[in-house]
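Convert by adding 17 to the 1-based position in the sequence shown; the result is the number in my numbering.
Report on one structure; see the data block that follows.
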Amino acid sequence: MISDKSGSITRKDLLAVLGGGILAAGAGARIAIAADRAILKISFRSSIKRLDPAFTISSDEYIATQTIYDNLTRLDSTLGVIPGVAESWSSADSGKTWIFKLRKGVRFHHGRELEAQDVVFSARRVLDPKAGSPGRRAIGPITDVVATDPLTVTFTLEGPFADFPAIMSGTFMRIVPSDASQNLDQKPVGTGPFRFTEWVPGQAVKLTRNPDYWMPGLPKLDEVWLVSYPVQAAEQAALSSGETQMMWEVQTSLEPAVKKLPNIAVTEISSTGFQPLVMRSDRPPFNDPRVRQAVKHAINRDLVMRFVLQGHGSVAQDTPVPPSSAFFTKVAAPPYDPAKARALLSEAGVAGQLSLRLFASNERAGCIEQAQVIKPMLEAVGIKVDIQQVPWDRFNAEVWKKETFFISNWVGRPTIDEELYPYFHSTGSWNEYNYANPEVDRLLDQARRELDLTARKADYAKVQEILAADGPAVICYFSNYISAKVSSLEDTPASPLKWLDLRESRFKA
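Here it is in structure tokens:
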């Protein structure tokens with residue numbers, strides 16, 4: 018918190034300080050322009066804690082690093098793979114070896130040109146087990162990465178992997194310079210469209226236009242601020258007053274009110290985001306599959322979806338694979354059956370004995386609401402539930418992958434491998450369930466190497482069937498992505514992955 022002589026400075030004062038003291042005020046001056054500079058301020062419910070792409074773990078951090086750094090590849094609006102700083106790529110050995118050719122003349126923010134060795138450095142620091150990057154198992158089965166010449170990088174994989182170019186567009190494979198400071202959180206250096214300028218921990222990150230960006234004429238904005246508003250009412254008021262120009266995510270309960278704001282455009286698209294009810298399968302009581310199945314039968318997924326999302330989403334079947342995926346398989350998730358749930362608890366010898374703390378963040382839209390509607394369902398079958406509300410920062414530090422029973426929050430992923438492997442393989446970086454099923458491991462490993470599409474679909478279908486019946490998650494819904502911005506902000510498309518590409522964003526005159 019910044020302090021002045023009288024105490025703490027307000028968030029509005031902070032924005033004025035960062036903006037050189039000139040802030041658009043009132044509903045009639047929604048575009049923040051200081052000295053003819055186009056400035057975009059985006060609000061988030063949580064605060065950014067990390068700017069080193071190898072260690073980011075939340076959506077706001079993903080967006081911050083997306084603006085500062087570049088990747089070998091990018092995803093278009095249909096999630097198709099397109100060139101990033103790699104102008105082309107090819108495979109050898111049926112997809113076991115991947116060769117990327119880099120663009121010439123791409124410069125880091127500190128002035129040096131991007132070279133193949135920087136890509137090697139970026140990949141190896143994520144892969145290094147001593148570094149502890151959460152992306153180690155998420156960037157593919159890499160066995161080696163080398164610079165074969167200054168503009169060519171060659172990756173060798175454990176086996177064929179058709180999704181590899183898409184994986185290179187991900188958050189952990191942002192490219193950092195090999196001569197970068199060890200503290201990229203405080204001094205991030207990339208080749209992206211915006212340069213890091215200033216960071217007030219817990220409140221705001223300020224980024225400025227990169228005049229040497231490799232894409233001609235881009236970016237169009239002069240500054241981007243990523244600002245934290247933990248209180249929903251304050252976030253909505255900031256958009257209404259012109260203090261900010263975009264809400265990255267609008268909670269479903271606020272959507273009707275935000276829609277009524279003058280000169281505000283609300284966008285809603287289908288998304289692959291999900292919020293699993295996590296059961297740690299390596300600990301009592303959930304190390305007994307009968308208890309996991311009892312919880313699955315106790316929950317009415319359709320009712321949860323309608324209560325939490327109020328029509329802004331679709332029912333899921335306990336797996337992260339959305340119906341829009343080419344690999345989606347309709348499976349029979351355990352139906353809502355309280356009598357069956359009570360019978361399973363009796364069979365497991367825990368009927369009337371379970372009292373659980375259910376953790377959920379009050380800074381991620383939908384998590385608390387899901388906990389509130391699930392609680393009476395579980396208590397109806399004899400499982401007492403004590404809801405523990407925690408802020409997102411504390412959730413990540415003290416709850417995630419540590420507690421036994423909690424509601425997590427995830428954006429979608431661009432490939433089927435990323436939708437399943439990191440979460441449910443026993444070695445997965447995001448296996449918050451500590452789930453270890455040898456058959457699931459075998460199928461996921463096999464599907465990674467499989468080049469025949471029919472055989473690959475069959476492997477993933479079996480995984481979905483196992484997770485629906487035996488898995489450690491209750492996934493009730495896929496939530497639509499709702500965002501809001503001033504009507505004058507153009508060329509800022511919404512992504513089903515909730516990513517935010519600001520390269521072409523601009524304010525119309």
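Where a beta carbon is used, it is the ideal one built from N, C-alpha and C, also for glycine.
**Nearest-angstrom Cα separation, counted from Leu-238 out to Ala-49** = Interpretation of Ala-49 is limited by its pLDDT of 46, a score under 50 that renders its predicted location unreliable; the figure taken from the coordinates is listed afterwards. Looking at the two C-alpha atoms, the distance is approximately 11 Å.
**Request:** Look up Asp-403 in the DSSP assignment and give the residues it is bridged to.
**Result:** Arg-374
**Message:** Can you list, in chain order, the residues of its chain with a C-beta nearer than 8 Å to that of Tyr-494? Leave out the 5 residues immediately preceding and following it.
**Reply:** Phe-291, Gln-292, Arg-318, Val-321, Met-322, Val-325, Leu-326, Gly-330, Ser-331, Val-332 and Ala-333
**Prompt:** By how many angstroms is the C-alpha of Trp-106 removed from the C-alpha of Phe-441?
**Reply:** 30 Å
**Message:** Rounded to the nearest angstrom, what separates Glu-435 and Asp-53 at their Cα positions?
**Reply:** 43 Å
**Request:** Take every Cβ of the segment 403 to 411, pair it with every Cβ of the segment 278 to 292, and state whether three or more of those distances are shorter than 8 Å.
**Result:** no
**Asked** If Arg-142 and Thr-208 are in contact, beta carbons under 8 Å, what's the gap, nearest whole angstrom?
**Response** Actually they are not in contact, since the Cβ atoms of Arg-142 and Thr-208 sit about 17 Å apart, beyond 8 Å.
**Prompt:** What's the gap between the Cα of Asn-88 and the Cα of Gly-445?
**Reply:** 22 Å
**Per DSSP, cross-strand counterpart(s) of Trp-231** = According to DSSP, which records beta bridges pairwise, Trp-231 is partnered with nothing at all.
**Message:** For a minimum of 4 consecutive residues, which ranges assigned as the alpha helix (DSSP H) are wholly contained in the segment 403 to 463?
**Reply:** 433 to 441
**Request:** Give every residue of the same chain whose Cβ lies closer than 6 Å to the Cβ of Asp-518, excluding the five residues on either side of it in the sequence, and list them in chain order.
**Result:** none
**Message:** For the alpha helix (DSSP H) containing Ile-385, name the first residue and the last one.
**Reply:** 384 to 396
**Message:** Which runs of the alpha helix (DSSP H) at least 4 residues long sit entirely within the segment 96 to 181? Give them in chain order.
**Reply:** 133 to 144
**Item:** Inter-residue CB distance, Leu-57 and Val-102 (contact presumed, cutoff 8 Å)
**Value:** Not confirmed; about 24 Å, so no contact.
**Message:** Classify Ile-65: buried if its beta carbon has 16 or more other beta carbons within 10 angstroms, exposed otherwise.
**Reply:** buried
**Request:** Please state if the CB of Thr-73 and the CB of Lys-118 are separated by a distance shorter than 8 Å.
**Result:** no
**Prompt:** Who are the near neighbours of Gln-134 in its chain, counting only those whose CB is closer than 6 Å to its CB and skipping five residues on each side?
**Reply:** Ala-164 and Ser-195
**Message:** Measuring only the C-alpha atoms, how far is Trp-115 from Ala-388?
**Reply:** 44 Å
**Asked** At what residues does the alpha helix (DSSP H) containing Leu-326 begin and finish?
**Response** 318 to 326
**Item:** In chain order, each alpha helix (DSSP H) run of at least 4 residues that lies wholly inside the segment 334 to 364
**Value:** 355 to 364
**Message:** For Val-283 and Lys-419, what's the separation of their Cα atoms in angstroms?
**Reply:** 37 Å
**Check whether Ile-99 and Arg-91 have beta carbons under 8 Å apart** = yes
**Message:** Excluding the 5 residues flanking Arg-67 on each side, which residues of the same chain have their C-beta closer than 6 Å to its C-beta?
**Reply:** Thr-73, Glu-78 and Asp-202
**Proximity below 8 Å, CB of Pro-70 to CB of Arg-191** = yes
**Contacts around Pro-431, its chain only, beta-carbon distance under 6 Å, and the 5 residues preceding and following it disregarded** = Leu-92, Leu-96 and Ala-183
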